[in-house]
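>
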Amino acid sequence: EHLQTQHVSVPPGARIQYTFPQLFFYKPNLWWPNGMGKQSLYNVSITIDVKGYGKSDSWGQLFGFRKIESHIDSATGGRLFKVNGQPIFIRGGNWILSDCLLRLSEERYKTDVKFHADMNLNMIRCWGGGLAERPEFYHYCDVYGLLVWQEFWITGDVDGRGIPVSNPNGPLDHDLFMLCARDTVKLLRNHPSLALWVGGNEQVPPPDLNTALKNDLKLHPFFENQSENAMSVEDMS
Amino acid sequence: MAEIGKMVLDSGWLAARSTEVKLTGTQLTTTHPPTGPTSPWMEAVVPGTVLATLVTNKTVGDPFYGLVNETIVDIADSGREYYTFWFFTKFQCKLSGTQHLDLNFRAINYSAEVYLNGHKKDLPKGMFQRHSLEVTDILNPEGTNLLAVLVYPPDHPGSIPPEGGQGGDHEIGKDVATQYVEGWDWIAPVRDRNTGIWDEVSIYVSGPVKIIDPHLVSSFFDHNTRVYLHATTELENKSAWVAECSLNIQVTTELEGSICLV
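As you go down the protein sequences, you meet chains A and B in turn.
If you read the first sequence in the numbering used here, its first letter stands for residue 1, the second for the next number, and so on.
If you read the second sequence in the numbering used here, its first letter stands for residue 238, the second for the next number, and so on.
(1) Would Gln329(B) be called buried (16 or more neighbouring beta carbons within 10 Å of its own) or exposed?
(2) Alpha carbon to alpha carbon, what distance is there between Asp57(A) and Ile434(B)?
(3) Which residues in the same chain as Asn94(A) place their Cβ atom closer than 7 Å to its Cβ, once the five residues preceding and following it in sequence are excluded?
(4) Could you check where the alpha helix (DSSP H) with Tyr138(A) kicks off and where it finishes?
(5) Should Val204(A) be labelled buried (16 or more other beta-carbon atoms within 10 Å of its own) or exposed?
(6) For chain B, is any of its Cβ atoms less than 8 Å away from the one on His2(A)?
(7) Quick one: list the residues of chain B neighbouring Asn190(A), beta-carbon separation under 8 Å, in chain order.
(8) Can you pull the chain B neighbours of Pro11(A), defined as C-beta to C-beta under 7 Å?
(9) In whole angstroms, what is the alpha-carbon distance linking Ala230(A) and His2(A)?
(10) From Val8(A) to Ala468(B), what distance separates their C-alpha atoms?
(11) Rounding to the nearest angstrom, what Cα-Cα distance links Ser232(A) and Phe25(A) in this structure?
(12) Do Glu379(B) and His337(B) come within 8 Å of each other at the CB atom, strictly closer than that value?
(13) Measure the beta-carbon distance from Val10(A) to Leu472(B) and round it to whole angstroms, keeping in mind my assumption that it falls under 8 Å.
(14) How would you list, in chain order, the residues of chain A whose beta-carbon sits under 8 Å from the beta-carbon of Arg428(B)?
(15) Quick one: complete beta strand (DSSP E) runs, 3+ long, within the region 37-106 of chain A?
(16) Out of Val310(B), Gly303(B), Asp459(B), which has the shortest C-alpha to C-alpha gap to Ile397(B)?
(17) Among Gly64(A), Glu106(A), Leu147(A), which residue has its Cα nearest to the Cα of Thr489(B)?
(18) For the alpha helix (DSSP H) containing Gly128(A), name the first residue and the last one.
(19) Could you tell me the distance, in whole angstroms, from the CA atom of Pro135(A) to the CA atom of Leu187(A)?
(20) For the region 43-62 of chain A against the region 96-106 of chain A, are there 3 or more C-beta pairs whose distance is under 8 Å?
(21) Rounded to whole angstroms, what is the Cα-Cα separation between Asp450(B) and Gln6(A)?
(22) Within 8 Å (strictly less), CB to CB, does Val233(A) reach chain B?
(23) Using beta carbons (cut-off 8 Å, strictly below), is Asn354(B) in contact with chain A?
(24) Anything in chain B within Cβ reach of Asp159(A), meaning under 7 Å, just list it in chain order.
(25) Counting only C-beta atoms, is Lys51(A) closer than 8 Å to chain B at any point?
(26) Counting only beta-carbon atoms, is Ile470(B) nearer than 8 Å to chain A?
(27) Output yes or no for whether 8 Å exceeds the beta carbon distance between Thr321(B) and Val388(B).
(28) If you draw a straight line from the C-alpha of Leu466(B) to the C-alpha of Lys447(B), how long is it?
(29) Starting from Gln487(B), find everything on chain A with Cβ-Cβ shorter than 7 Å and list it in chain order.
(30) How about Lys531(B) and Leu176(A): do their beta carbons lie closer than 8 Å?
(31) Determine, using beta carbons only, whether Gly404(B) and Val158(A) come nearer to each other than 8 Å.
(32) Determine the DSSP secondary structure at Gln6(A), reduced to helix, strand or coil.
(33) Does DSSP put Phe325(B) in a helix, a strand or coil?
(34) Step through the CB atoms of chain A and report whether any lies within less than 8 Å of the CB of Gly401(B).
(35) Does any residue of chain B have a CB that is nearer than 8 Å to the CB of Lys186(A)?
(36) Should Val287(B) and Asp429(B) be called a contact, given that it needs their Cβ atoms to be closer than 8 Å?
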């Protein structure tokens, strides 16, 4: 029942952004972390047909309905997480990368990630000195219910510490860093397991990078303003 | 007419050290393509790193065993050109009239020059960004396409102090690249600093209009009983005329147990 078709006109040579009217779901199956419930996943597919040509492109993604919240607890200074409104005790594993020759296959990721789920963990923290992990890693975290804490490429050892202090201002090319960060966010942002972006390992990125990351990753105002009980048009109908 | 969608290029790759190849990228992808894994060319691991290819071909020992890593020359001693490698492959693709082809690299460490059928395209630096090249106009009409990629290591590979330590001399931090490769308290230095085509290479066939990076967001109300899915996507019209499109989104759930869809 969740099928929607919109007519869109795209000028020659143009690149446009299009937002579908929101799709309403009543009591969908929610995605839960390992140990809290099922990791229900939906197939979301987008296709485009061009008049006079036929099917022009298609895209698909496994998607999980889940709401992840976290905040710093004033009493302990630790970060508390909630998933779908339920508090969760984080049992996490440290992750650098699977192979230092980067022979990163689907089978390898499936085995590694399932191992973490079998150890009854519910989060994997991807360390800033390693990689922005790959879509296959995130796919199996979606399937096995491992939340992911993904750090960007700043570490306390290499950036801004030591005697003498090394790389006090992080990498030389800040525009390149933000270009890579933005593209990485686009690559990974639809995975339900992605729980938290973190500027770096044991270190705050240089102020301009940290500000840009926070700005790019903050919740879109549209979602800030929606009141809890707003009725949408299709609900009325 | 080629089928719409992605084809991963993960077999039939060859590699050679750049200092041992006297040809240009244009020659490699037109008049003098390598014929097979004969020196200086060898079978390549793509996706993977230069060192993965060298270990697979047994031209170096496997750094995972014993102190073998000590026998592999470090980039600080050999110089960057020693780990600057050519990667070569062929692929078949015959498009119909209004189809388009993109050549996609999901990640390369650290920068590269791409040659396709004699045409050169430079890829910008950075270990963590995707590259998508529109190659429709430079495909070979009869269908066989020759692809060569010259991959350069990070700009600042650094060197490893005798005492080792976290991140070696920290030079790698000047680049936008993984930092563990200079060694840490839990791992020895990686000699090629993970240089290579380390993630998926693919070609992607689309019609005149292409879907780019959709973004899915869900919002929750009434204790998760009322939920909305918000979807935004970019669309690119590669044709020279206005494209009137029907854009469809469909959400289906995996069928469980003995339930079947009629």
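Heads up, the beta-carbon is just placed ideally off N, CA and C, and yes, glycines get one too.
Computed from a predicted model, the values in this text were never measured in an experiment.
According to the structure shown:
(1) Against the second sequence, residue 329(B) aligns to sequence position 92. By the neighbour-count rule (16 or more Cβ atoms within 10 Å), Gln329(B) is not buried but exposed.
(2) For the purposes of this step, residue 434(B) is identified with residue 197 of the second sequence, where counting begins at 1. For the purposes of this step, residue 57(A) is identified with residue 57 of the first sequence, where counting begins at 1. Spanning the two alpha carbons is a distance of roughly 26 Å.
(3) By one-based count along the first sequence, residue 94(A) stands at place 94. Taken in chain order, the residues that qualify are Arg125, Trp127.
(4) Locating residue 138(A) in the first sequence gives position 138, where the first residue counts as 1. Taken as a continuous stretch (DSSP letters only), the alpha helix (DSSP H) holding Tyr138(A) covers 135-144.
(5) Within the first sequence, residue 204(A) is the residue found at index 204, counting from 1. Exposed: under 16 other Cβ atoms inside 10 Å.
(6) Numbered from its first residue, the first sequence carries residue 2(A) at position 2. True, the Cβ-Cβ gap to chain B drops below 8 Å.
(7) Counting from one through the first sequence, the residue named residue 190(A) turns up at place 190. Here the neighbours are Pro451, His452, Leu453.
(8) For this step, residue 11(A) is matched to residue 11 along the first sequence. Result: Asn474, Val479.
(9) The residue you call residue 230(A) lines up with position 230 of the first sequence. The residue you call residue 2(A) lines up with position 2 of the first sequence. With a pLDDT of only 45 at Ala230(A), under 50, the local geometry of the prediction cannot be trusted, and no value is derived from it.
(10) Indexing the first sequence from 1 puts residue 8(A) at position 8. Indexing the second sequence from 1 puts residue 468(B) at position 231. For Val8(A) and Ala468(B), the distance between alpha carbons rounds to 15 Å.
(11) The residue given as residue 232(A) occupies position 232 in the first sequence. The residue given as residue 25(A) occupies position 25 in the first sequence. Here Ser232(A) scores only 44 on pLDDT, less than 50, and its place in the model is too uncertain to base an answer on.
(12) For the purposes of this step, residue 337(B) is identified with residue 100 of the second sequence, where counting begins at 1. For the purposes of this step, residue 379(B) is identified with residue 142 of the second sequence, where counting begins at 1. No, the pair does not count as a contact, with Cβ atoms beyond the cut-off.
(13) As a working note, residue 10(A) is residue 10 in the first sequence. As a working note, residue 472(B) is residue 235 in the second sequence. Their Cβ separation, rounded to whole angstroms, is 5 Å, which keeps Val10(A) and Leu472(B) in contact under 8 Å.
(14) Counting from one through the second sequence, the residue named residue 428(B) turns up at place 191. Simply none; closest approach about 10 Å.
(15) 42-50, 54-63, 68-72, 79-83, 86-88, 92-95
(16) Residue numbering aside, residue 397(B) sits at position 160 when the second sequence is read from its first letter. Selected option, being the one with the closest Cα: Val310(B).
(17) On the second sequence, residue 489(B) is found 252 positions in, with the first residue counted as 1. The shortest C-alpha separation from Thr489(B) is found at Gly64(A).
(18) The sequence position of residue 128(A) within the first sequence is 128, counting from 1. From DSSP, Gly128(A) is part of no alpha helix (DSSP H); its letter is neither H nor E.
(19) One-based indexing of the first sequence puts residue 135(A) at position 135. One-based indexing of the first sequence puts residue 187(A) at position 187. Looking at the two C-alpha atoms, the distance is approximately 7 Å.
(20) no
(21) The sequence position of residue 450(B) within the second sequence is 213, counting from 1. The sequence position of residue 6(A) within the first sequence is 6, counting from 1. If you take the alpha carbons of Asp450(B) and Gln6(A), they lie about 18 Å apart.
(22) As a first step, residue 233(A) must be located in the first sequence, where it is residue number 233. In this prediction, Val233(A) scores a pLDDT of 36, lower than 50, which makes its location untrustworthy; the coordinate-derived value is nonetheless stated afterwards. Answer no: the Cβ-Cβ gap between Val233(A) and chain B never drops below 8 Å.
(23) Residue 354(B) sits at position 117 when you count from the first residue of the second sequence. No - not a single Cβ of chain A is within 8 Å of the one on Asn354(B).
(24) Residue numbering aside, residue 159(A) sits at position 159 when the first sequence is read from its first letter. The answer, in chain order, is Gly410.
(25) Reading the first sequence from its first residue, position 51 is the one you call residue 51(A). Chain B contact via Cβ: present.
(26) Indexing the second sequence from 1 puts residue 470(B) at position 233. Checking the displayed sequence, the identity of residue 470(B) turns out to be Thr instead of Ile. Yes - at least one Cβ of chain A is within 8 Å of the one on Thr470(B).
(27) On the second sequence, position 84 is the one that residue 321(B) refers to. On the second sequence, position 151 is the one that residue 388(B) refers to. Yes; because the gap between Cβ atoms is below 8 Å, this pair is in contact.
(28) Walking along the second sequence from the start, residue 466(B) turns up at place 229. Walking along the second sequence from the start, residue 447(B) turns up at place 210. Going from the Cα of Leu466(B) to the Cα of Lys447(B) covers about 22 Å.
(29) Your numbering for residue 487(B) matches position 250 in the second sequence. Result: His2, Leu3, Ser45.
(30) For residue 531(B) there is no data in the structure shown, the boundaries of chain B being 238 and 499.
(31) Numbered from 1 along the second sequence, position 167 holds the residue referred to as residue 404(B). Numbered from 1 along the first sequence, position 158 holds the residue referred to as residue 158(A). Taking 8 Å as the Cβ cut-off, Gly404(B) and Val158(A) qualify as a contacting pair.
(32) Indexing the first sequence from 1 puts residue 6(A) at position 6. Of the three classes helix, strand and coil, the one that applies to Gln6(A) here is strand, per DSSP.
(33) Taking the first residue of the second sequence as 1, we reach residue 325(B) at position 88. Strand, per DSSP.
(34) On the second sequence, residue 401(B) is found 164 positions in, with the first residue counted as 1. False, the Cβ-Cβ gap to chain A never drops below 8 Å.
(35) For the purposes of this step, residue 186(A) is taken as the residue at position 186 of the first sequence. Answer yes: the Cβ-Cβ gap between Lys186(A) and chain B drops below 8 Å somewhere.
(36) The count along the second sequence starts at 1 and reaches residue 287(B) at position 50. The count along the second sequence starts at 1 and reaches residue 429(B) at position 192. Yes; because the gap between Cβ atoms is below 8 Å, this pair is in contact.
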